[in-house]
Every structure is written in structure tokens, then in C-alpha cells.
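Peer 1: Just so you know, the protein sequences line up as chains A and B, in that order.
The opening position of the first sequence corresponds to residue 4 in my numbering, with each subsequent residue numbered one higher.
The opening position of the second sequence corresponds to residue 4 in my numbering, with each subsequent residue numbered one higher.
Number of protein chains: 2
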Amino acid sequence: MRVLAVAVLAVLTAPAMAAEGMWTLDNLPKQAMQAEFGFSPDQAWVDKVMKSSVRLAGGCSGSFISPEGLVMTNHHCVVDCVAQLSSEGSDFVKNGFIAREHGDELKCPDMELNRLEQIADVTDQVRAATDGLNGDAYSKAKKAVQSRLEADCVGDDSQATRCDIVELYQGGKQHLYRYTRFQDVRLVFAPEVAAAFFGGDPDNFNFPRFNLDMGILRAYVDGKPAKLDNWFGFKQAGAAEGELVMITGHPGSTQRLLTVAQLKALRDGGLTDRLLYIAELRGLLTQYGALGEEQARQAQPDLFGIENGFKALRGRLDTLNDDAFFVRKQAEEDALRAFVAADPGLAENVGDPWAAIASAEATFDEFADAYLLIEGGRGFATEYFGIARGLYRAGAERELPNEKRLREFTEAGLPRLEQTLLSDAPLYPDYEKVKLAWSLTKLRETLGTDHPLVKRILGKESPQQLAARVIDGTRLGDVDARKALWLGGAKAVAASDDPMIALVRDIDAAARELRLRYETEVEAVEQKNAERIAQARFAKDGTGVYPDATFTLRLSYGAVQGWNEKGTDIPAMTHIAGMFERATGADPYKLPDSWLQHQADLDGSLPMNFVSTNDIIGGNSGSPVINAKAEVVGLVFDGNIHSLGGAYWYDGRLNRAVAVHPATIIQALRKIYGAGALADEMTGQ
Amino acid sequence: MRVLAVAVLAVLTAPAMAAEGMWTLDNLPKQAMQAEFGFSPDQAWVDKVMKSSVRLAGGCSGSFISPEGLVMTNHHCVVDCVAQLSSEGSDFVKNGFIAREHGDELKCPDMELNRLEQIADVTDQVRAATDGLNGDAYSKAKKAVQSRLEADCVGDDSQATRCDIVELYQGGKQHLYRYTRFQDVRLVFAPEVAAAFFGGDPDNFNFPRFNLDMGILRAYVDGKPAKLDNWFGFKQAGAAEGELVMITGHPGSTQRLLTVAQLKALRDGGLTDRLLYIAELRGLLTQYGALGEEQARQAQPDLFGIENGFKALRGRLDTLNDDAFFVRKQAEEDALRAFVAADPGLAENVGDPWAAIASAEATFDEFADAYLLIEGGRGFATEYFGIARGLYRAGAERELPNEKRLREFTEAGLPRLEQTLLSDAPLYPDYEKVKLAWSLTKLRETLGTDHPLVKRILGKESPQQLAARVIDGTRLGDVDARKALWLGGAKAVAASDDPMIALVRDIDAAARELRLRYETEVEAVEQKNAERIAQARFAKDGTGVYPDATFTLRLSYGAVQGWNEKGTDIPAMTHIAGMFERATGADPYKLPDSWLQHQADLDGSLPMNFVSTNDIIGGNSGSPVINAKAEVVGLVFDGNIHSLGGAYWYDGRLNRAVAVHPATIIQALRKIYGAGALADEMTGQ
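Structure (C-alpha cells):
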């Protein structure tokens, strides 16, 4: 805590520390990079890097690493696909997967890749459409103009083009991102989970680390490997300590620009509620997995996500529970308010957005439980529910003009939605029943037995009875049944007697009401007032600051560098030999047989994992670490424990990104997995 | 939130609201009771009430209700005994238990009752022994004098007499409580859990409520029912709305006198850690219970405690997350500090205990995780570990002079310790393995794989392997094996090759070191400085205030009264008919067959549960509600949701105790359970 407290003072006097920031590619801190590292990227460099980077629509990052569409990312970014391609008796998660030739590459059921092609500033158009509006009118007008801009951008090529409005600076800027969309994505290589995630949850977010957290995909177009003009070269030697390294990727979400009232609401309710929910679910799924190998296999993808999320959220809560943190945030907010107050014209324009946001948070507090459980789906923790709701609402929404639809059903998003809803990834009814029954007990516990919606949902059934009835009775496990409802639209879902569809239908009016209340009384108020705060911030600091993360392409720069942990120096690199020393033979420190058999073939002195000062966060998983020549010198897969508070601030002395070293990647492919052809393709040989 | 904020102002101007306070019986607020209700208890009344009240050493309260040793308490206070007396195929928890005659009454394996006989003020003796000492010296001297005073009080009759030092006002007063001890306690009656805990966890801490949460025990002496001079009469008609009612019982613990630094430490760490721990354990045990009826039976007692604890702690955290709460606490603390500062003599004596306590909290933060996991036992969540550590340490400690022993091994406590360690309550190895393996993963996760103690404990084993090895190998499930180690003492445990004993032995030095650090650097500092704060508080307010709860006998007074919940009036009473209306046929709203069969025999208009304004907290479960004539007019079993913040403050407008009405108790015994003889004994017929 003391270390962070000292950092407060340093940061207060220098808004952006060295290496701080997740910068959009159209606003890179070239001057600072030049001053610190003697490197200032030119436009050709930026263009190449932009088109060589790739987003995994499910929540990760990656990089193109060959002209034949090869994509490098993390194992934990492809593990859902690996699990979906597995079955009882053929467990690729456990045993790994290697396609020896193109024909062996297997299509991932619901993977989508996005390559950024263009960024356009549409702030003025959005502002013009919402000028002078509030509440419901503001919310509707804004969504309408956003949907229209996206549809215009996509044109008639929605299969290959994706356009997303991105709200930067908490709404201060509206940008339109145009992507090339790849939906035929095939699995090329995944090591055994025991190598990819060696050390498991205990080592997650920790360092020293010894993970081969890599997965290789290939983008296909028209049934053939995609032909690419831009891709990253591969530098096996990696980067030296102290060398400039950049990370291009898609950090998901940060909350560094939130007001103190919003941060306190997170601390006092939102974050704690979510942590307690996933803690209990984790216990439940852990014990479900203990039933047997097959049950463990079924639960693993969820459990991985939950354990990862638990640590990440816990790290954030620890930051919010640090009094020094709020001292800094309050000081920043006070300084901005004083700046506004000192300029009568600005004060007139900006008003008191902080009070309006605090009031919206108090309003949300009144119905947040119901909103999160019913509309947010926490009360219905099963894949079937998400599918049923998607199909049901897609029916109604597609009848409406594009601009009046719920945002997730606009034309621009339909290809991704269809891919997700009609995915042939397997579902396990017994497993889904356990989750649904449990989450229904949380619904009842949180809202209370006497809540009208709880009474309506459960009637005289227990959570277990309801879960069993709707999951035993549903036909949504069958992709053809889903397809019929998708194609049949509103009429088909209205007529459906599928019990899962019926459950969704029964609560849909109430769920939409909660959503409308949220969008009108909370979201619209917060967005409108965040725009005002952004206006004040631009007036005070200009646009030489970076926006909060939005799961869009960003570049962070830093150096390969260890840190000092309470008096102990943590070296920047680990080596292959250390992994063998750490192995115990017992999960999660049990090495796969392939590694044990080939231990003698490996050069134990090669670097395995390393840390750098780059500012990253969840969503950056799978990002390439590149050098000034735009060569891959690492593969990001984690942050250290101090990086977790990065949602709210950045401390350059402790915050570290964790990456796989390219030497180990190539060594493992060649010596352990006999995947020389793949290594050749990656290294351009 | 708004309601509590208003309460702040009211409370600031009137330190003790009507009905606030858990008063020791030697310092009752007679004047206030007289003024508010026209009743002032005389000494004879107090003596009778004191000797008619009883403590369940495991953590509950009760009352003597016949001259033949009959004890009334809650079902949830006897459910451990009921479960221990059950076995596969004979499930008294599910089916209930009735002893038709004395010979059918079954001895509870580890139940102890305590009846308070005398209170002596020993503050001066303790103060004299610790005067001028600090840290380790203070801690040792204090424990020594406390152990000596207890031993002197017990004399040579430790089987029938129990003496406990009680630190009141956070150490401001030291009292010596002498009890009669009953260890032969037999189960007389327990309804089906479905009637006792109708509505289960969802209804827990909520109201309206419909529970027959009662259990009847009988104290035996020399193999015969205890003959008593004092017991409570029973008034079937109960108390009218608005009538004065008093609750005598043993509230476990409140933290109303803690400093702001201590409360913030609870909010920012302690409470959240514990909540997350039990949330995950809850999920684990829920799913273990889903394996089958027998597994559900095994997990039920733990799950009940966990679910109850979860809600209680969550309620407390909500209070600590209320900014208005800290505004009030800070104002109280500031006022006390200002009072001290204004009096140079007092300031000289008192110093700055607040800063010292804040510093001790910061110190604790450095090693709290290790302390709680290793010495606190969170890393070893199995009954076997508690037994093994008890036996192991009992060996070493009993070799020491009484005054040098760890407090839980002093002579005065040995009878209760022996009863607990040699209890023949059944243990279920498979179930215990699940808990132990899980808690070992928490140990590793929290301290990290590289922590020396984690390495020492796990070595090359996984948590699952270690748990299986020590539980498969231990002989501590056999009471005779335990007895041999208990009688064999230090030599026997040193020579034992029992793997559970070996595990305890292996970490005992490290565990004791953590404990010593805690007692010296945290506990001693906080106690010594709490004494100073108490000194300041006495100087400012006199002793007309009540001490924090200490699981010792207290009286709270109030009135039967509903409350207003966000604009809706909640009536004070529910009625039997409402229970049948609420029943769904599905657990936890499934009525037992006995109730369904006898529905027509019952008078549905009789009051079932009711609320009153009395100030109570966990530990009060099983307390009698009595009227001015010292007649039982209710049986406390819960508080409403607003009572949970009662750990830190009391809000008389919302805080309510929840009790079973005597009319329903007698009706159920006579009409449903055919237990007329028992009803006759209770009602003195």
C-alpha cells in the first residue's frame, strides 16, 4: 500500500507516466516515444501494424504472422474452440491439437476475426442528432444515428465487412471503425492445456511464469487460406532487456475516467456482488468437475473464465479499497472541477455533470439487482437461455426498421449474431441444468421469494424443478431447430412451445422494461454527462491523453523490464529449465508427456516468459509484442498481479505485461510437437 | 440509504435510542425502562431471570422451562446434535425426533449448557498485573492473570463449574463469570427441518415468516433430569402489540465500539475475504449435496451455517459500505477525541490510542492471510484438522503451568475441550476430503505457490493428493484412538505416525509463530489501547452505556411492533394459515406430511411468528422473549434483514428481532406431534 501511496504523488504531477496509456492508432504519443526511446512510428509503419493486428470478436487479440492467413494468439483464447471440437474420448484440450496440413485444420464453431481497415470521426453527426435531448429521447436518437452510421458503413457487404461505433473518452468522441470480418477460422495448433496453462490458477497473474500459452489459427476466405498483404515478421531472438517493445491489441475495458461516485458505486456494490456470485459458482463447478473426467472436461472452459475473472476482479476491488486511490481520484476530480469553475463560459456549458452522474448511480442502485438478474441474465446462467433470448428477440427486432432495433440486433451485427446463435458447439444438458438451477436460487435469494418476478418465474416450482423441466424439454440443443426459429422469425418464436423459448417470452416484457429504465435513467444520463466531463477535460488537457479501453485496437509502448517486489528484484525473464524445476507431477504443475519425453532435446537456457512495462488489460490476451521493426518478439498472455488495478490507474514501477518468448515458441514447435512446417511458415523459411 | 442517513442525525443527539442496547444483568437501564414502559426490574426478578436463562456453549441461547431441566431453544441450535444422532436410513433432521418418555431422550455428543451464577468485577486485579507492560510482556501477563483467576474460581469442581473472564467495553472492564456446567444434555424434541426452517435460506433474515424453529433439550445431572429452582413460566397467549418484551440471551459479538480504522480494515479486507471464502465453499458443498440424499444429509449442517453466515456477513458489509455510516462513526470518534484533548490530565493518561490501533491494523494487514489460513485454520477446512491440532497442542500445553498455557488449554476449559475432542459425532471421510482439498487450494492460491509454508505443506503433492493421503490414513475418526492420544499427552502425540497429527506437527512451530506475532503486535496493542479509549469513554459518558456483545448473558428490552419497509407497513405477526398459503410443495417451501395431515386440526388464526424492537444479534438464537412477569411469550430465532448491520449500530425504526409465538409452539406439540405430555410439562399442567 505504501508503494502505491508514493506513486499517487508522482502521478499527480505528471499525468501520463512513461509507458502509461493504451493509445488509439490515429493518436499515438509520437513525441513521448521519440523522447524516451528514440523511435517515432511513421504512417507506413502504423498502417502495416494496424493491418497485421487482429481482433478475436469473442474477447481476445491476435496477429497475422504469415501471408497465408496464419494467426497467432493465446491458448486461452482458442480453448473454447478446442473444447467445442473435442468430445468424450477425444479431448484436444487435454491432449493438444496439431493440423499437419491445411486439410486437417478444423473450423471453430463460433470464432470471428476482425481486421481494422479504417477509423472515421463521426462525433459531429452523433452530436447533431442528439443535441438538446435528454433521457429516453436522447437514448433513442443516439442509438438510431449510431445504427444508421454503422449500416451505411457496412453497405451491402455485411458478410465481409463489420462496422462498429466506438465511444471514446467515455463518450467525448464518437468514432466509426470499419473491419474486415473473417468467420471461417480454423484451428491449426494448440498445445496440451498442461503446457499452455502450466501452474494453472495459482500461477495465473503471477510471475515467474512458465507457460506456452499459444494457439495458432488460420483465417480462410472462400474455403481457402486468406491471402494477406500485411503480416508480422517473427524474431526468434526476441527483445533485449530495456529494449523498446510495443503491444498492439484490444484492451477490453478500463475505468480510468470514471467519476468518484461511479468508482465508489463499483466498490460498494457492483464489484462485490459480481465477485460473490462467481465465487459461489466457482465452488459449484469445481465440485461438478470432481464427478469425473467427462464432467471436468465439460466444466473446464467456464471454470477457466471464472477463475481468471475472479482474480482480476479481486485485484480491482483491492485497488478500490485503497484509501490512497480515492485520495488521488478525488484530487483529480477536484482539479478538473476547479478548472471548469474558473472559466464562466465553460462552466455554463459543462454544468455539474458529476452531481448528475452520482444521482444516476443512486437511481441504478434501486433496481440494479433486478436488472442484472433478469435482463443481464445472471438469474439464468445457462447457454440455452442466451440462445433462446437471442432467437426470441431477433424475431421481434428484425421486424423493426434498423434504427429502432435494440443495438445488438441491427443489420451490421446480424452476421456475428447468426454465427453465435447457430453455432454447432456442443451443449451438455446435465451441466447446464446445474448452472441454471443454481442461478435461479440466486435470483430468488437476491430479489426475495415475494418479488413479483420471482413468483412469476418460479410459480410453484423449485429452481431445480424448473431447470430440469425447461432443459429436458427444450429442442434448442439441435442447431436445425434453432435455424428454423431464426429463419421463421417473430411468427415462429411466438408459436413455439419450446419451454426455454416460453420462459424467455414470459419475462420479456419485464426484462425490456428494466432495460429501458436502465438506458433512460442511468446510461443516457451518464453518457450525456460524461460527454460534458470530456469537454472539460479536452479544454484542460487537450487530446494528448488516451481514452479508456473499448475493445478496439490500441498500441502501448514500454520496455522489457523486471520490477522490485517488496525489496526483492524480480528478473524480467524465465527460462525453459525453470519449468522442469517447478514441475511436481501433480496438476496444475504436471507437465505433459510430450515435454517430459523431449526434455533432453530442449535448450533449457532459452528464455521462456518475460515481463515488460507495457500498459495492458484483459482483451490484450494474444496480442503480439513487437519491436521498432514491427517484428514479433513476444506473445502477451497475462499481466502481473499489480496490473489488475490497471482498470483504474497505472503504476509503471509495478505494473507488468507477461508474454511468451518467441524462442520457446519455435523451440517447442520444432522439438516437442514436430511441427517444423508450421515453425517454418511463422519464421518465413 | 436515505433512511439510515436520517437515523444518523437522530442517533448523534441521543446516544441510546429506545430499545437500543444489550445490557449486562448487573447494569440494567432501569430508569429508561421505567420511563418508557413503567417497569423497573427488582433484584429478585433479575436473579430469577438470570438463573432461568441458559447458554449453549456451542453458540446459542436457551431457557429453562420446567423444574425438571427442560430447555427450550431453536431447532437450528440443536440441528448439529440431531444430525449427529442420525445415520444413513435414520434421518432425524428430515423426519424430526420425539422422545415419548425420559428413557427415549438421546444424549447429544458434544452439547454443553452453562447457567450463570455470579458476576465479579476483577478489573483491578487484571490491571495490576499488566500495569506498565507492552507487547509480548503485556500479552503474557494478562493471559496469565486471567487463567489464574479462572482456575481459582473453578476450584476443584471443573466438571460442574465453569468460569470465564469476560472483557467488556473492548477491555475497559474485566469481569469473571461463574457458571454451572451441564454436559449431559439430551434431545427431547425436534420438528422436521422443513417445519423448523420452512422457507429455508431464501426466507432467512426475512419477514413475514412461518417457522417452527424450536428444539427441546433436557439437562441431566448424575444420569437424572436436573432439578431446578428457577425456570420460566409459559404464557400461551403471548404478548400484545406494543407490549414491553425482554430478551435474555447471549449475543455473540458486536463491533459498535471499534475505531474507524478497525471498521475500515473490516470493510477493506477481513469481511470481504471471509465472504468470498464462504461463498465458494457454499457452491462446493451445494454441489456435493447434489450427489445424493446421503451426501445432502452430510453437508446440511455445514451448509446451514454457511448460508446463514453468508447473509449475516453480507448485511454487515452493506452497512460498512454505507458512507453515512462512516460519517457517523467518524463524528463519534472526533467528539471523543475532542473531549480528551480538552482535558490535559485525561489527554496525558489516554494518549493517542486511535493512532496506535490504526498502526496495529496496518501491521496485521502484512500477515493476516497467513495467520488466518495457517493458525486460523482456513487452509485446513476439515473436522479432522481441528481434532488433530487440539490433541497435539493439548499434549504440549498440559505440561506447562496453567498460567503459561495457550488460553484454550487452561484447566478451567479442559472439560469442554475434552468433550469436543472426544465427541462420538460421526465424521464422513469423503466429505471431509472434499473440504480439505478445496481449502488447501485456497491456501496455495492466497499465499502463492512459492510461499515457504505452502511448499512445506504441499511438497510435490496436489491438494487433492494430500487430502486423500491424510484422511485415508488417519485413525482420528475412531474415538478410542483420540482418547489414547488425549490420555497419552505430549509423548503420545510426539510418537504418533497418524498422518493428520503429522501434518499438524509439521506446521505447528510456524503456526505458533504467527499466533505470537498476532497476539503481540496486534491483539495486545489493540487491547491495551482499547482500554485507554474505554477510559476516555467512561470519563465522557459514565457507565450508563452498554458494552459490545461478548457471548455472555444480556437483556434487551423493546416492544412487539412491525415496521415500515420503503412505504409498506409490515405487520408484527404472521399466522398459521399463512404458512399453508406460502407452501408450494417444493423445497424449501414444502411442508412436512405431519403438517399437511393435521391442517384441519389446527387453528389457522393463531399467531405463528412475530417481530419486536429488541436489539439482538447472532448468539441470541434460542433466547426466550419474556414479559414483565418473567413468562415466556416467544422464542427468538432470527433478526430481520435490517438487524444485520446491528453488529455496528442500531436503528430502532427498522431493526427487528423475529420470534416463534408460544401459541403455535403448544398447538404444534399437541395437534401435530402428539406431544401432549411435553406441552403439559412446559405449560405447568
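Glycine included, C-beta positions come from ideal geometry on N, C-alpha and C.
Only a predicted model underlies this, so the values are computations on that prediction, with no experimental measurement involved.
Taking the alpha carbon of Ile620/A as the reference point, which residue from Gln422/A, Pro595/A, Pro404/A and Ser256/A has its own alpha carbon closest?
Peer 2: Ser256/A
Peer 1: Taking Ile309/B as the reference, give the member of Glu297/B, Leu323/B and Leu288/B with the closest Cα.
Peer 2: Nearest to Ile309/B by alpha-carbon distance, out of Glu297/B, Leu323/B and Leu288/B, is Leu288/B.
Peer 1: At a CB-CB cut-off below 8 Å, which residues of chain B make contact with Val437/A?
Peer 2: Gln290 and Ala293
Peer 1: Can you give me the C-alpha to C-alpha distance between Val437/B and Gly252/B, rounded to a whole angstrom?
Peer 2: 36 Å
Peer 1: With 8 Å set as the bound, which would you pick, yes or no: does the beta-carbon of Gly382/B sit closer than that to a beta-carbon of chain A?
Peer 2: no
Peer 1: What's the call for Arg118/A, buried or exposed, on a 16-neighbour Cβ count within 10 Å?
Peer 2: buried
Peer 1: When you compare only the Cα positions, how much space is there between Ala552/B and Gly379/A?
Peer 2: Approximately 41 Å, taken between the alpha carbons.
Peer 1: For Asp590/A, return the contacting residues in chain B, with the cut-off set at a CB-CB distance below 7 Å.
Peer 2: Ser465
Peer 1: Mind checking whether Met249/A and Tyr560/A have CB atoms under 8 Å apart?
Peer 2: Contact flag set, yes.
Peer 1: Under a three-way DSSP split, which group does Ala19/A fall into?
Peer 2: Because Ala19/A sits at a pLDDT of 38, beneath the cut-off of 50, its placement in the model cannot be relied upon, and the following sentence gives the value as read from the coordinates. Coil at Ala19/A, not helix or strand.
Peer 1: If I measure Cβ to Cβ from Gln149/B and keep anything under 6 Å in the same chain, skipping five residues before and after, which residues do I get?
Peer 2: Ile168
Peer 1: Do Arg447/A and Pro429/A have their CB atoms nearer than 8 Å?
Peer 2: no
Peer 1: Find the residues of chain B that neighbour Leu278/A, judging by a C-beta separation of less than 7 Å, and give them in chain order.
Peer 2: Leu279
Peer 1: Count the CB pairs spanning the stretch 394-402 of chain B and the stretch 467-474 of chain B that are closer than 8 Å, and state whether there are at least three.
Peer 2: no
Peer 1: So the candidates are Ala505/A, Gly138/A, Arg535/A and Pro254/A; which of them puts its Cα closest to the Cα of Arg472/A?
Peer 2: Ala505/A
Peer 1: List the endpoints of the continuous alpha helix (DSSP H) containing Tyr180/A.
Peer 2: Segment Lys176 to Phe185 is the beta strand (DSSP E) holding Tyr180/A; no alpha helix (DSSP H) there.
Peer 1: If the criterion is Cβ atoms closer than 8 Å, does the pair Leu425/A and Lys332/A meet it?
Peer 2: No, these two residues do not count as a Cβ contact at 8 Å.
Peer 1: Are the CB atoms of Ile68/A and Phe210/A nearer to each other than 8 Å?
Peer 2: no
Peer 1: Please classify Val9/A: does DSSP put it in a helix, a strand, or coil?
Peer 2: Model confidence at Val9/A stands at a pLDDT of 29, short of 50, so the residue's coordinates are unreliable and nothing is read from them.
Peer 1: Closest by CA to Gln177/A, which one among Ala671/A, Ala199/A and Asp127/A?
Peer 2: Checked all of Ala671/A, Ala199/A and Asp127/A; the closest Cα to Gln177/A is Asp127/A.
Peer 1: When the cut-off is 8 Å and only beta carbons count, does Leu306/B lie next to chain A?
Peer 2: no
Peer 1: Relative to chain A, which residues along the stretch 186-200 of chain B have a C-beta separation below 7 Å, given in chain order?
Peer 2: none
Peer 1: Could you tell me whether the Cβ of Thr587/B comes closer than 8 Å to any Cβ of chain A?
Peer 2: So, interface residue.
Peer 1: Name the chain B residues that come within less than 8 Å of Leu287/A, Cβ to Cβ?
Peer 2: For the C-beta of Leu287/A, the chain B residues within less than 8 Å are, from N- to C-terminus, Gly286, Leu287, Thr289 and Gln290.
Peer 1: Note down, in chain order, every chain B residue with its Cβ under 8 Å from the Cβ of Asn324/A.
Peer 2: Arg270, Asp271, Gly272 and Thr275
Peer 1: When burial is assigned at 16 or more other CB atoms within 10 Å of the CB, is Trp357/B buried or exposed?
Peer 2: buried
Peer 1: Going straight from the alpha carbon of Val302/A to that of Pro194/A, what length do you get?
Peer 2: The sequence given here places Ala at residue 302/A; Val does not occur at that position. Those two C-alpha atoms are separated by around 19 Å.
Peer 1: Give the straight-line distance between the Cα atoms of Ala293/A and Asp433/A, rounded to the nearest whole angstrom.
Peer 2: 14 Å
Peer 1: Could you pull the start and end residues of the alpha helix (DSSP H) that Ser55/A belongs to?
Peer 2: Gln46 to Ser55
Peer 1: Since Tyr280/A contacts Arg381/A with CB under 8 Å, what's their CB separation in whole angstroms?
Peer 2: 6 Å
Peer 1: Hey, is Glu448/B's beta-carbon within less than 8 Å of any beta-carbon in chain A?
Peer 2: yes
Peer 1: Please classify Gln37/B as buried or exposed, where buried requires at least 16 neighbouring CB atoms within 10 angstroms.
Peer 2: exposed
Peer 1: How is the alpha helix (DSSP H) around Ile579/B delimited, first residue to last?
Peer 2: Note, Ile579/B: alpha helix (DSSP H), Ile579 to Arg585.
Peer 1: Return the residue from the list Asp271/A, Gly312/A, Ala282/A and Met75/A that minimises the CA-CA distance to Asn324/A.
Peer 2: Asp271/A
Peer 1: By Cβ distance, which residues of its chain are closer than 7 Å to Ala542/B, with the 5 residues on each side in sequence left out?
Peer 2: Taken in chain order, the residues that qualify are Leu349.
Peer 1: For Lys674/A and Gln602/A, what's the separation of their Cα atoms in angstroms?
Peer 2: Using only the alpha carbons, I get a separation of about 9 Å.
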